[in-house]
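All the letters of the sequence shown, read from the start, carry residue numbers 586 to 1078 under our numbering.
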Amino acid sequence: MQKFDICVIGAGPSGYAAAMRAVDFKKKVLLIEKKQLGGAGLHHGALSSKTWWEISREAWMLRKNGDAFDISKRPFSFEKIKAEVTNAINERVELLEHHMHNINLGTGSELFTYMNGYATVTGKNTVEINTTEGKEVIESDYIILATGSRPRVLPNIPVDEKIIFTSEGIDDLEAFPKSIVIVGAGVIGCEYATIFSNFGMTKVHLIDKGDRILPFEDEDVVHVIEKNLEAKNVLIHRNSQLIDIRVEGGQVAYTLEYTDGSKEVFRVEKALLAVGRVPNYEQLFSEDVGIQIDQRGIIDDDTQTSVPNIYAVGDITADISLVNVGELEGRYAVERIFGKPEKNLIYENISTIMFLAPEVAGVGLNEIKAKQQGVSYKLVSLNYGTIPRATAMRDTQGFIKILVTDDEDMKILGMRVVGEHASSAIQAVALLISMDKGIRELAELIHPHPSIIEGIQECVRMLLKKSVFKPSVLRKEMTCKRYHDGKYHDLSH
586 MQKFDICVIG
596 AGPSGYAAAM
606 RAVDFKKKVL
616 LIEKKQLGGA
626 GLHHGALSSK
636 TWWEISREAW
646 MLRKNGDAFD
656 ISKRPFSFEK
666 IKAEVTNAIN
676 ERVELLEHHM
686 HNINLGTGSE
696 LFTYMNGYAT
706 VTGKNTVEIN
716 TTEGKEVIES
726 DYIILATGSR
736 PRVLPNIPVD
746 EKIIFTSEGI
756 DDLEAFPKSI
766 VIVGAGVIGC
776 EYATIFSNFG
786 MTKVHLIDKG
796 DRILPFEDED
806 VVHVIEKNLE
816 AKNVLIHRNS
826 QLIDIRVEGG
836 QVAYTLEYTD
846 GSKEVFRVEK
856 ALLAVGRVPN
866 YEQLFSEDVG
876 IQIDQRGIID
886 DDTQTSVPNI
896 YAVGDITADI
906 SLVNVGELEG
916 RYAVERIFGK
926 PEKNLIYENI
936 STIMFLAPEV
946 AGVGLNEIKA
956 KQQGVSYKLV
966 SLNYGTIPRA
976 TAMRDTQGFI
986 KILVTDDEDM
996 KILGMRVVGE
1006 HASSAIQAVA
1016 LLISMDKGIR
1026 ELAELIHPHP
1036 SIIEGIQECV
1046 RMLLKKSVFK
1056 PSVLRKEMTC
1066 KRYHDGKYHD
1076 LSH
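Here it is in structure tokens:
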């Protein structure tokens, strides 16, 4: 029986990161993957969908500015676009494989082993692996579970991954559907609504059971996204409940019931189910191992499960399901096992990005969460129209919004950026939040010009009453106010 210091089950982002961090500690590592190196985050999630999104943005720019460039309005080739997405995935897989298969050569040791197979934790220190060559049992001092998640399906929706599909079925599409209904108006649903509507080849329907999409985001953020989707002919079903969805004559028929009790039947070519993800822990461990779970995933305490030498990271836990979070957890778990983490694992100030039109980046609290927590705050926002770089890009749609504590320190609580280069603008503020710093560090920095991050500096100067533009004059473009005891108070003077 082979023996390892640590066995990592699952070679997605969190598992791969954990395995490579264990190599740093000079430990004997086994990494096991049953399906695809890189996991769903690479093949059906972040990389694949964002490649689709990037190409769709270029398609939208061609549609928008085609006359200026004298470009004929030819239909986009689904086959060529899909091939480009596949190329992106393959490039990443090849990089991971090259790195993985040469890691021992690079470190000058024989620490790392990779296996393809189905792993089952049979005891607190034993793992059974079923491979194409047979069955093998290994022993490991520590085990990390990193088997990720899969798209959630609903019992009343007949998913076949051909006509009614999840994000995993997009790979099997052979052409742009003429029409599609997307069930779920969260991040995943809105991202795919953005992608399909950008190409302009598909009539998109988006079902939202509430009165607006993205219910966890502030109203001003949602307003911009909804406005752009509807400008691209997306039909948003608001305040609607999906009564049934079925395949009729090779197409999709679905019935909605509205809050007033009325019902309506719609017919489209395809349907995409985007209602979240569920953890992969079925048949992962024997019942007598004693790992505690609930309906959200494996229960963990700072990545450690109820079995002290077994850890769980990434989507398999009840924490935030993001690639960057999974990688952070994977590395943190290994540091807990073999060393001492430099800082605690926290989730409050993780940077996020939503690939919409325009993109939305955020860190820390938004107004919804601040109000839920009963926090008083000062708020400042600045429209992209006041930022020279946005003017130069000929795209002034969007804004920057910063929340700070309602005191003299004005420590940053959170920020949202809606618009071009949003993800590039978020990181400096994320760093300040993690350092528990206020806004003054940003006020006097010399930012590159022209750049979107100059807008952040102008926001900070607004709070300090020394902005170039004055919010008392540009009231439509600039906002400076205080929220306290359930009311807003104008601070623009």
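Where is the CB? At the ideal position from N, CA and C, for every residue including glycine.
Review point. Are serine 641 and isoleucine 780 close, meaning C-beta to C-beta below 8 angstroms?
Key: yes
Point to revise | Opening and closing residue of the beta strand (DSSP E) in which lysine 720 lies | key: 719 to 730
Review point. Just how far apart, CA to CA, sit isoleucine 542 and glycine 785?
Key: Lying outside 586 to 1078, the shown extent of the chain, residue 542 is not represented and no answer is given.
Practice item. Could you pull the start and end residues of the alpha helix (DSSP H) that histidine 628 belongs to? Key: 624 to 628
Exercise for review: Starting from the C-beta of leucine 791, find all residues in its chain whose C-beta is less than 8 angstroms away, skip the five residues before and the five after it, and write them out in chain order.
Suggested key: Val766, Ile767, Ala770, Gly774, Cys775, Ala778, Ile798, Leu814, Val819, Leu820, Ile821, His822
Exercise for review: With DSSP as the reference, label methionine 995 as helix, strand or coil.
Suggested key: coil
Check your understanding: Around the Cβ of glutamine 1042, are there at least 16 other Cβ atoms within 10 angstroms (buried) or fewer (exposed)?
Key -> buried
Review point. Using 8 angstroms as the limit for Cβ to Cβ distance, is isoleucine 828 near chain C?
Key: Absent here is chain C; the protein component of the structure consists of one chain.
Review point. Going by DSSP, what residues sit across from valine 614 in a beta bridge?
Key: Ile591, Phe697
Review point. Going by the beta-carbon positions, is the gap between glycine 983 and glycine 949 smaller than 8 angstroms?
Key: no
Practice item. Determine the burial state of serine 633: buried for a count of at least 16 other Cβ atoms within 10 Å of its Cβ, exposed for fewer. Key: buried
Point to revise | Length of the line joining the Cα atoms of glutamate 1061 and valine 1053 | key: Looking at the sequence shown, residue 1061 is not glutamate but lysine. Using only the alpha carbons, I get a separation of about 16 angstroms.
Point to revise | Close Cβ partners of methionine 685 (< 7 angstroms) along its chain, the five nearest in sequence each way excluded | key: Tyr699
Point to revise | Straight-line gap, threonine 994 to serine 891 (C-alpha atoms, nearest Å) | key: Sequence inspection shows aspartate at residue 994; the threonine mentioned does not correspond to that position. If I take the Cα positions, the gap works out to 41 angstroms.
**Study point:** Length at least 3, wholly inside the segment 837 to 888: the beta strand (DSSP E) runs in chain order
**Key:** 848 to 853, 855 to 858, 862 to 864
**Study point:** First through last residue of the alpha helix (DSSP H) which encompasses lysine 954
**Key:** 952 to 957
Check your understanding: Which whole-angstrom value describes the C-beta separation of isoleucine 748 and isoleucine 742, a residue pair presumed to lie in contact below a C-beta threshold of 8 angstroms?
Key -> In fact, because the Cβ distance is near 11 angstroms, the residues do not count as touching under 8 angstroms.
Review point. Can you list, in chain order, the stretches of the beta strand (DSSP E) that have 3 or more residues and sit fully within the segment 985 to 1029?
Key: 997 to 1003
**Study point:** CA-to-CA distance, isoleucine 810 to phenylalanine 589, given in whole angstroms
**Key:** 50 angstroms
Check your understanding: Going by beta carbon distance, what residues of the same chain come within less than 6 angstroms of glutamate 842, once the five residues before and after it are set aside?
Key -> Gln826, Ile828, Lys848
Review point. Where does asparagine 865 land, buried or exposed, given buried means 16+ other C-beta within 10 angstroms?
Key: buried
Review point. Do glycine 600 and valine 593 have their C-beta atoms closer together than 8 angstroms?
Key: yes
Review point. Which of the three DSSP states, helix, strand or coil, is assigned to leucine 739?
Key: coil
Check your understanding: Tell me, which residues are paired with threonine 937 by DSSP?
Key -> Gly947
Check your understanding: If you check the beta carbons only, do threonine 902 and isoleucine 876 fall under 8 angstroms apart?
Key -> no
**Study point:** Where serine 1086 falls: helix, strand or coil (DSSP)
**Key:** The structure shown does not extend to residue 1086, since the chain is modelled only from 586 to 1078, so the question has no answer here.
Practice item. Please report how far the alpha carbon of glutamate 952 lies from the alpha carbon of phenylalanine 661, in whole angstroms. Key: 40 angstroms
Review point. Hey, would you say valine 706 sits closer than 8 angstroms to valine 874, going by beta carbons?
Key: yes
Practice item. Report the option in Glu618, Glu639, Ala731, Gly947 whose CA atom is closest to the CA atom of glutamate 802. Key: Gly947
**Study point:** Start and end residues, alpha helix (DSSP H) containing asparagine 783
**Key:** 772 to 784
Check your understanding: Is tryptophan 638 closer than 8 angstroms to phenylalanine 940 when the C-beta atoms are compared?
Key -> yes
Exercise for review: Could you spell out where the beta strand (DSSP E) holding glutamate 713 opens and where it closes?
Suggested key: 711 to 716
Check your understanding: Under 8 angstroms between the Cβ atoms of arginine 737 and valine 860?
Key -> yes
Exercise for review: Tell whether a beta-carbon distance below 8 angstroms holds between serine 1008 and glutamate 944.
Suggested key: yes
Exercise for review: Look at the Cβ atom of isoleucine 1018, then the Cβ atom of isoleucine 1031, and state whether they are nearer than 8 angstroms.
Suggested key: no
Review point. Of all the alpha helix (DSSP H) runs that stay within the bounds of the segment 642 to 681, which reach a length of 4 or more residues?
Key: none
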